[in-house]
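Report on the structure given below.
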Amino acid sequence: MLTLFVLLAAAGGILRLALAWLLKQRWGVSIGVPQALAAALVVLAGLPEFIKPIPFLVPLGLTIGLLLPDLLLRRG
């Protein structure tokens, strides 16, 4: 049985793959987020609501799914 976290991470990963594929096919552009910014966004998404410095409405699972390639792979 899959949890909501796993489903959101999978949805984020599929959305990222589809967006990258469409941008590559249409304009020949690849997307990427610097690793430091990706890590900061994951930490911000993981903070409890009462100590977040700014409101961040994207759930942690979806954030990880969207930014996992940027955290794992290094482009140069």
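Residues in the sequence shown are numbered from 56 upward in steps of one, following our numbering. Just so you know, even glycine gets a beta-carbon here, dropped at the ideal spot from N, CA and C.
Given this structure, state the Cα-to-Cα distance separating residue i from residue j, to the nearest angstrom.
i: Pro114; j: Ala65; result: 13 angstroms
i: Leu77; j: Gly68; result: 14 angstroms
i: Asp125; j: Val84; result: 16 angstroms
i: Leu74; j: Pro108; result: 29 angstroms
i: Phe105; j: Leu128; result: 32 angstroms
i: Val88; j: Lys79; result: 16 angstroms
i: Ile119; j: Leu102; result: 13 angstroms
i: Leu72; j: Ile86; result: 10 angstroms
i: Leu59; j: Ala94; result: 21 angstroms
Would you call the CB atoms of residue i and residue j closer than 8 angstroms?
i: Leu96; j: Leu70; result: no
i: Leu57; j: Gly116; result: no
i: Leu99; j: Phe111; result: yes
At 3 residues or longer, and completely inside the stretch 74-120: list those beta strand (DSSP E) runs for me, N to C.
DSSP runs (the beta strand (DSSP E)) wholly in the stretch 74-120: none.
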